[in-house]
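S.K.: Here you go, one structure.
Residue numbers (my numbering), protein chains in the order written: chain X, 283 to 517; chain C, 283 to 517; chain R, 283 to 517; chain W, 283 to 517; chain H, 283 to 517; chain L, 283 to 517.
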């Protein structure tokens with residue numbers, strides 16, 4: 283099975299990191315191709331970056347469809363452009379945010395999200411409501427650390443993430459943690475062992491879920507909300 | 283990866299049918315063991331059957347845990363005893379109802395459920411609310427056909443299922459169909475082709491999802507809602 | 283009018299305590315019979331205990347029905363097996379948790395629940411959502427005291443319950459308190475006087491409500507969700 | 283125990299009918315006094331009638347409080363002035379609409395309301411949402427018959443009520459019926475027998491519930507939402 | 283365009299203050315008439331005051347309708363009697379509470395309400411739920427300052443309002459503030475500048491919104507929930 | 283006051299139609315500039331068109347901001363790119379869909395939406411949920427008529443719109459109609475007179491609302507969800 287992972291921003295190092303995480307998470311027999319949205323913004327922080335990234339990301343989705351991919355993963359925790367991607371694709375499409383939330387509800391009664399910066403929270407809050415999972419989320423917390431510092435693994439960044447994880451478990455009463463930032467992917471195993479609870483990371487969750495959809499023979503519906511856009515020849 | 287599928291009722295033919303469907307749906311490298319809840323009721327129709335089945339089913343879960351299973355699937359569309367099973371298991375546990383709903387929301391904007399008899403609807407309606415997915419469900423429909431007739435594949439049963447599928451798509455405005463009865467598993471591919479939309483069947487969905495959780499390294503949280511029950515020695 | 287109160291666990295002392303509380307709460311002319319679920323677990327702490335208790339409790343419900351009872355009270359704050367009990371009974375059935383919540387909404391704008399241990403919270407939270415009363419609940423608090431210490435009335439237990447009651451009123455902004463544990467029944471009057479607000483205790487609430495249903499001539503519906511299970515003779 | 287039933291409109295015949303229904307529903311030992319809101323509108327049909335009735339009704343509540351009543355029932359299905367009445371009263375206060383809904387959820391999974399005229403529906407819909415019970419209501423139906431014709435028991439009125447009751451059970455999938463009009467009180471027993479399901483009538487439900495609150499020792503909270511209004515001496 | 287602003291209480295100084303604020307907020311060409319509910323209570327604090335005020339307020343609405351007003355503003359943050367006023371009016375009617383909430387959602391993701399006394403909170407919480415805007419409200423805070431002290435602009439009152447505004451922004455995470463008390467109208471501009479975020483004041487919001495409805499040619503629907511009450515001639 | 287109306291698609295005739303409707307709706311003293319998203323798709327039908335339009339629309343928003351506009355209206359009923367636009371703008375921004383819904387709730391208890399084609403419904407349904415107004419929407423109906431036929435005013439298009447308006451009022455029980463397509467703007471007055479109820483048209487509603495926000499001195503919050511994007515210089 284061939285899976286296409288798309289990084290909706292234009293940062294080549296991030297695309298490489300995502301590719302590495304995706305390869306590490308791929309089941310045997312899964313062939314992963316990772317692309318980046320060259321032309322899009324260098325990172326996705328809020329609705330404007332999201333809006334500027336989507337047209338470029340949709341090109342990657344379209345190319346991968348033509349190349350016969352059997353599943354797409356949108357590797358941005360905001361699930362940027364998810365509905366539009368589903369309209370274009372026949373293969374199943376999963377965002378890493380939604381994948382992480384759905385997985386968390388299958389292994390814990392209530393989860394909390396620990397993300398990078400507070401600016402990220404409103405989009406995540408809106409997504410949780412749309413997916414119907416707000417009541418399962420015990421808390422949304424920002425470590426107050428820029429994505430780049432997380433990527434570099436500075437001690438301050440790690441300390442902040444640990445502090446918010448603690449607070450999510452003890453104060454908010456969460457039973458599992460969702461890491462709300464692609465750059466935190468490599469921390470999941472360590473934090474899970476340290477805190478003794480599931481720590482869900484989106485890239486592994488997304489890759490696993492889209493593989494599951496493919497395994498169950500499911501493709502994106504072309505009726506209703508995700509119908510293929512009509513061609514407009516001089517409408 | 284070793285997966286345990288448990289049929290919470292005592293019907294040996296149903297257990298065999300479920301085992302066959304599970305084997306058909308298992309990815310390469312997945313070793314599936316299917317058990318039945320001998321001692322439980324011959325079928326699960328409503329809350330009383332569910333209540334009588336759970337103690338026996340939990341024994342199967344416990345035995346499979348001791349045998350080192352890496353995931354459990356509860357093969358009843360009511361997701362009978364799901365919370366209790368998660369308290370006992372360290373491996374991830376997925377019900378086929380919840381699996382089908384989650385998968386449906388990943389490939390369609392709104393889905394409808396087509397099940398066997400109207401008595402089944404209240405439990406399903408309650409589950410959808412608990413999972414937060416009521417707003418994604420365009421309709422809950424019963425074909426008015428007993429499970430046994432569905433198993434036998436009588437022409438009347440098939441006609442009724444087709445009729446409700448049509449109504450779910452055209453009247454309710456669903457974009458995908460969830461088959462709300464384990465006995466309908468073999469119809470999914472045919473109906474999907476005939477109606478040109480995703481038709482989600484719970485056994486394949488459940489097996490795929492629990493495999494996905496395992497692939498993503500996730501196990502049931504032992505904090506909060508799914509904590510291991512305390513031993514009661516002369517409390 | 284004859285009312286059956288069932289303690290779904292196997293602890294004889296608890297059954298006696300419940301019987302005493304029920305007798306104290308019964309209106310004149312109400313004849314109360316209290317039974318215990320011998321065979322079930324010694325206490326109900328979480329979904330597994332609940333699941334193991336229900337088959338035994340349903341036997342008590344069935345026997346009481348045959349003996350002509352006119353109402354049932356499930357004396358566990360988790361409302362264990364409520365739906366299944368309603369399927370079996372023609373007389374009305376009320377759980378002490380749901381009874382306490384409904385009564386609280388009739389005398390206060392918002393209530394808080396003070397219960398024994400934090401493990402109890404997830405089941406209560408789920409029940410409140412099912413009953414539609416989440417928005418009326420200002421807070422769910424655990425005193426962190428095992429049920430046995432509450433039963434024994436240790437000073438530490440009482441101090442902890444007072445502390446959480448204070449916090450529920452002052453921090454959460456509740457206008458009334460629901461005592462979320464059958465063992466707290468004897469504290470209701472004292473706390474109500476001390477804190478100057480309604481303190482709702484489930485056994486009295488449950489007994490009063492089921493008497494009210496009987497007085498209003500209401501019996502459990504045998505249509506839809508609470509229909510009598512079909513007999514399965516060699517299905 | 284002394285209960286005060288207040289008819290918030292000025293119609294003497296309606297007050298008499300309500301008094302008769304209340305007496306019929308009162309448990310032994312309950313002393314019922316029924317008053318009417320002389321000065322108020324002749325009937326309550328919509329928000330304006332409700333607004334004009336409440337000041338007069340609050341006088342009745344205040345007088346009954348001073349006379350030492352131990353519970354109040356507001357005998358209008360709109361639950362007119364319920365919050366204001368609770369602010370004035372120390373005894374518990376129950377509206378017949380809310381009483382009927384709460385009782386219905388204790389004996390049925392889903393209920394439907396059958397009322398007199400379509401103009402009544404918006405207020406009832408709003409109340410159900412406030413009480414958190416919208417999801418338990420399978421349908422709101424108006425028989426299209428003026429209250430007076432219901433009171434007179436004309437054959438057309440009875441036929442229309444039967445027709446909507448049928449539709450509520452068969453089309454909406456309700457398991458119980460709530461009669462949404464005080465004038466229908468005398469029909470409850472007949473309809474319940476005829477349709478084989480609970481038919482909840484508000485006056486009996488309200489009287490029984492307020493008796494239950496009294497029996498459980500509960501009085502209206504004087505904290506928060508139902509606090510006694512402050513005196514305004516030359517503020 | 284002629285707009286009628288009604289103060290539902292009987293306090294002449296408050297009516298004058300509201301009139302001044304309304305004149306200041308009126309667009310050029312808008313002719314504002316402000317009336318007070320002589321006969322009503324001196325202020326509206328809770329449901330009883332509200333109930334006593336509405337009949338007098340409805341008289342003002344009716345008189346203004348007959349005088350040909352083209353819009354009504356109810357100048358009480360509780361939106362007292364809003365539904366009844368809409369039943370009487372053909373011109374559009376807006377409450378200053380609802381106006382402030384709707385405006386806040388158009389300029390901020392989440393807002394918080396800062397009001398005078400804690401007794402005011404339950405009514406506001408109920409209104410937010412009715413309007414569907416609870417999820418957009420990050421917090422409801424009372425400064426603990428009586429309305430009169432706010433009117434007099436005492437340093438203590440201002441300090442308390444500033445303190446709660448700070449907490450709403452920093453602790454609750456609000457992006458905008460709604461001032462939940464007509465007496466705070468004059469503070470909006472200062473606070474907005476000081477805290478660098480939108481501070482919504484109801485009188486300006488209400489006057490602007492009702493002008494907007496008039497400009498868009500919209501009048502209150504006379505179907506369904508806001509239908510004109512039927513005349514009752516010896517019904 | 284200067285208002286910027288942006289048509290997010292590239293169709294010059296549509297931009298002209300919108301400009302005409304906006305001019306007709308503008309209050310005296312309001313200076314309206316209408317722009318189109320040259321470079322975007324010829325029309326917005328579903329999420330892909332929306333995604334391709336937003337980057338171009340944001341340029342128009344940015345230019346208008348620099349030119350000192352005091353308010354923006356997004357003239358697409360899908361409210362395409364609303365959050366991103368608010369991040370860029372300091373002036374208030376209103377979408378014509380959200381404007382129409384908010385206005386409808388101020389003049390009617392429940393409204394229904396009548397739009398062009400069924401493909402439009404999922405986006406509108408999602409928006410209503412986000413705005414918290416789903417419960418106020420009695421129905422979402424598509425006339426099954428392409429936008430161009432509506433623009434041309436063919437008799438078939440008008441007949442279909444009338445038919446769905448009738449059904450919305452009589453079957454769904456709506457009290458007001460929202461016209462869910464910019465091309466229907468010219469029909470509002472006629473339909474309102476014909477059906478005797480408010481018919482809300484988005485361009486007038488949007489222009490009036492954004493004027494109201496300006497009149498109330500409100501600008502888009504730059505905290506939280508709508509914060510100005512950070513510059514990314516060599517991040």
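We put the beta carbon where it would ideally sit given N, CA and C, even for glycine.
Closer than 8 Å, CB to CB, is residue 480/H near chain R or not?
M.R.: It does not: the Cβ of residue 480/H has no partner Cβ on chain R nearer than 8 Å.
S.K.: Could you tell me which chain W residues have their CB closer than 8 Å to the CB of residue 369/H, listed as they occur along the chain?
M.R.: 328, 329 and 330
S.K.: What's the gap between the Cα of residue 469/C and the Cα of residue 470/X?
M.R.: 40 Å
S.K.: Looking at the secondary structure, which residues open and close the alpha helix (DSSP H) in which residue 412/L lies?
M.R.: 403-413
S.K.: According to DSSP, is residue 425/H part of a helix, a strand, or is it coil?
M.R.: coil
S.K.: For the ligand NAD, I want to know if residue 425/L counts as a neighbour, meaning its beta carbon is within less than 7 Å of at least one of the ligand's heavy atoms.
M.R.: No copy of the ligand NAD appears in this structure; indeed no ligand is present at all.
S.K.: List, in order along the chain, the chain R residues whose C-beta lies closer than 7 Å to that of residue 454/X?
M.R.: Within 7 Å Cβ-Cβ: nothing; residue 454/X doesn't reach chain R, min ~13 Å.
S.K.: In terms of alpha-carbon separation, which member of 364/C, 350/C and 390/C lies closest to residue 495/X?
M.R.: 390/C
S.K.: CB residue 288/X to CB residue 374/X, shorter than 8 Å?
M.R.: no
S.K.: To be precise: take each residue of the region 499-514 of chain X, compare its Cβ to all Cβ atoms of chain C, and keep it if any distance is under 8 Å. Which residues remain?
M.R.: 499, 500, 501, 502, 503, 504, 505, 506, 507 and 508
S.K.: Does the beta carbon of residue 391/R come closer than 8 Å to any beta carbon on chain H?
M.R.: yes
S.K.: Using the beta-carbon of each residue, which ones in chain W are nearer than 9 Å to residue 333/C?
M.R.: Under the 9 Å cutoff, chain W gives no residues; its nearest Cβ is about 16 Å from residue 333/C.
S.K.: Can you grab the Cα-Cα spacing for the pair residue 317/L / residue 298/L, in whole Å?
M.R.: 9 Å
S.K.: When the distance is taken between beta carbons, is residue 479/X closer than 8 Å to residue 503/C?
M.R.: The Cβ atoms of residue 503/C and residue 479/X lie closer than 8 Å to each other.
S.K.: By the DSSP assignment, the alpha helix (DSSP H) with residue 461/X in it spans what residues?
M.R.: Unbroken run through residue 461/X is the beta strand (DSSP E), 458-461; no alpha helix (DSSP H).
S.K.: Where does residue 492/L sit, in a helix, a strand or coil, going by DSSP?
M.R.: helix
S.K.: Residues in the same chain with beta-carbon distance under 6 Å from residue 481/L, minus the five sequence neighbours each way, listed in chain order, please.
M.R.: 459, 470, 473 and 474
S.K.: Using a Cβ cut-off of 8 Å (strictly closer), state whether residue 411/R contacts chain H.
M.R.: No, its Cβ sits nowhere closer than 8 Å to a Cβ of chain H.
S.K.: Looking at the structure shown, is residue 362/W part of a helix, part of a strand, or coil, going by DSSP?
M.R.: coil
S.K.: Closer than 8 Å, CB to CB, is residue 420/R near chain H or not?
M.R.: Residue 420/R does not count as touching chain H.
S.K.: Looking at the strands, I want to know which residues DSSP matches up with residue 419/H.
M.R.: 393/H
S.K.: Nearest by alpha-carbon distance to residue 368/C: which of 512/C, 420/C, 508/C and 514/C is it?
M.R.: 508/C
S.K.: Quick one: is residue 294/R near chain C, going by C-beta distance under 8 Å?
M.R.: no
S.K.: By DSSP's criteria, residue 289/X is part of a beta bridge. Which residues make up the other side?
M.R.: Answer by DSSP bridge pairing, in chain order: 318/X.
S.K.: Please tell me whether residue 339/H and residue 322/H are closer than 8 Å, where the distance is taken between their beta carbons.
M.R.: yes
S.K.: Residue 439/H and residue 394/H look like a contact to me (Cβ under 8 Å); what is the Cβ gap, rounded to whole Å?
M.R.: With a Cβ gap of about 18 Å, residue 439/H and residue 394/H do not count as contacting.
S.K.: Would you say residue 411/L and residue 484/L are within 8 Å of each other, going by their C-beta atoms?
M.R.: no
S.K.: Determine, using beta carbons only, whether residue 417/L and residue 303/L come nearer to each other than 8 Å.
M.R.: no
S.K.: One question on the structure: do residue 253/X and residue 386/X come within less than 8 Å of each other, judged by their Cβ atoms?
M.R.: Outside the displayed span of chain X (283 to 517) sits residue 253/X, for which this structure offers no information.
S.K.: How far does the alpha helix (DSSP H) with residue 336/X in it reach, from first residue to last?
M.R.: 329-348
S.K.: Thinking just about the alpha-carbon of each residue, which of 354/L, 409/L and 329/L is nearest to the one in residue 341/L?
M.R.: 354/L
S.K.: From this set, 463/X, 426/X, 431/X and 464/X, which residue's C-alpha is nearest residue 446/X's C-alpha?
M.R.: 426/X
S.K.: Nearest-angstrom Cα distance between residue 433/X and residue 328/X?
M.R.: 19 Å
S.K.: Taking the straight line between their C-alpha atoms, what separation do you get for residue 347/X and residue 506/R?
M.R.: 46 Å
S.K.: Candidates 428/R, 349/R, 499/R and 421/R: which alpha carbon is nearest residue 396/R's?
M.R.: Ranking the options by Cα distance to residue 396/R, first place goes to 421/R.
S.K.: Compare the beta carbon distance of residue 498/R and residue 371/W with 8 Å and say whether it is the shorter of the two.
M.R.: no
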